[in-house]
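Undergrad: This structure is in structure tokens; I'll ask about it shortly.
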Amino acid sequence: MKTQTVSGDPLRGDSEVSPSWWRARGRRQVDWCTVWFCIMGGLLVGVTVLALANIATTELADPAHLLEVALSSEVIGSIFLTFGAGASAVLLLILFGTPLAYVLARSRPSRFKGVVESIVDIPLILPHTVAGLLVYLLFMRRGWLGAPLSEIGIAFEDALPGTIVAMLFVASPFYVNTMREGFEKVPVHLENVARTLGAGTFTTFRTVTLPLSLRHMYSGAILAWGRAIGEFAGVIMIAYYPFIISTLIYYSFTTDGIHASRSIAFTVILVSFGVFYLLRRMTRYLGRYDDRV
């Protein structure tokens, strides 16, 4: 096949191109909608960058004090406790929230379904202090759940279980809603094919639906974990002790002032950024071969 060379195109070998042609080509390539979107979105990102630069400039000016605070056993132990409690809450959400999300995704629209979805979303709209009060009233020593559980040795007030249930309560909508969206994107006819081949409901869920929703499960778990470890008011209402990182910063601010609490906060920012950057990078590979569905 014989190809034709377009006159005036430098990529085709024509070296004599007028400057006006380049200017016209440049004007045609500018997508002003994308440019303005980048500017508007950049303002939002810029606020975060400015806040980070503000605290980083101050803390990096005194690296000795920053290292002393960051390497203290109290700060390290609090970070591990916070991340561990958040991970425990997410594991409970995976165990109990995944079935709920599947039922909501596969059930037909009805008033009852709308009520359940609204109940799931309640922690999103409540003030954090109200969420903490609800958890405290339910799991305190005289609460409906706290009283019977305390009789078998499970205490929630000023104890790690209290921290976990508070994190679980505030983070549950993030996981359930993300997981429900993932289940809704799995075509129902794939499940029907598996059932016609003899697979039961749970086998179909385990071998077809769940593997195709792994990316949403992972994303929902990250969102829920981030929300859980960042909770303060909900946790402090029922479990001021042991110190998670948010209560430790608050305690340090009220006792030692801004200097020490700022160093703890900057340490948490660095650790959290590194952890969540790695987790987000992993989402690029998890379940990518199932996107074609």
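Numbering (our numbering), first residue to last: 713 to 1005.
All residues carry an ideal CB built from backbone N, CA and C; glycine is no exception.
Rounded to the nearest angstrom, what separates H777 and S884 at their Cα positions?
TA: Mapped onto the sequence shown, residue 777 falls at position 65. Mapped onto the sequence shown, residue 884 falls at position 172. Between H777 and S884, the C-alpha separation is close to 38 Å.
Undergrad: Pick helix, strand or coil for M994, following the three-state DSSP scheme.
TA: Stepping through the sequence shown from its first residue, residue 994 is reached at position 282. Looking at M994 - three-state DSSP - the assignment turns out to be helix.
Undergrad: What are the start and end residues of the alpha helix (DSSP H) that includes R892?
TA: Counting from one through the sequence shown, the residue named residue 892 turns up at place 180. Note, R892: alpha helix (DSSP H), L872 to E896.
Undergrad: With P811 as the anchor, note down where its alpha helix (DSSP H) starts and where it stops.
TA: Numbered from its first residue, the sequence shown carries residue 811 at position 99. Note, P811: alpha helix (DSSP H), S785 to R818.
Undergrad: Are the CB atoms of V757 and S975 within a distance shorter than 8 Å?
TA: For this step, residue 975 is matched to residue 263 along the sequence shown. For this step, residue 757 is matched to residue 45 along the sequence shown. Taking 8 Å as the Cβ cut-off, S975 and V757 do not qualify as a contacting pair.
Undergrad: Which term fits T959, buried or exposed, when burial requires 16 or more other beta carbons within 10 angstroms of its beta carbon?
TA: Here residue 959 refers to the residue found at position 247 of the sequence shown. Buried, because 16 or more other Cβ atoms sit within 10 Å of the Cβ of T959.
Undergrad: For F988, I'd like the list of residues in its chain whose CB is within less than 6 Å of its CB, leaving aside the five on either flank, ordered along the chain.
TA: The residue you call residue 988 lines up with position 276 of the sequence shown. None.
Undergrad: Shortest alpha-carbon distance to V1027 belongs to which of V900, F851, A972 and K825?
TA: An answer regarding residue 1027 cannot be provided, because it is not within the stretch 713 to 1005 covered by the chain.
Undergrad: With 16 other CB atoms within 10 Å as the buried threshold, where does A859 fall?
TA: Residue 859 sits at position 147 when you count from the first residue of the sequence shown. Per the 10 Å Cβ criterion, exposed.
Undergrad: Kindly list the residues whose CB is nearer than 8 Å to the CB of V882, restricted to its own chain and excluding five residues on each side of it in sequence; keep chain order.
TA: Your numbering for residue 882 matches position 170 in the sequence shown. Once the five neighbours on either side are set aside, the close Cβ partners of V882 are P835, H840, A843, R939, A940, E943 and G946.
Undergrad: Report yes if the C-beta distance between V888 and A813 is below 8 Å; otherwise report no.
TA: The residue given as residue 888 occupies position 176 in the sequence shown. The residue given as residue 813 occupies position 101 in the sequence shown. It is a contact, given that the beta carbons lie within the stated cut-off.
Undergrad: Within the continuous alpha helix (DSSP H) that includes L849, where are the two ends?
TA: Walking along the sequence shown from the start, residue 849 turns up at place 137. L849 -> alpha helix (DSSP H) spans H840 to F851.
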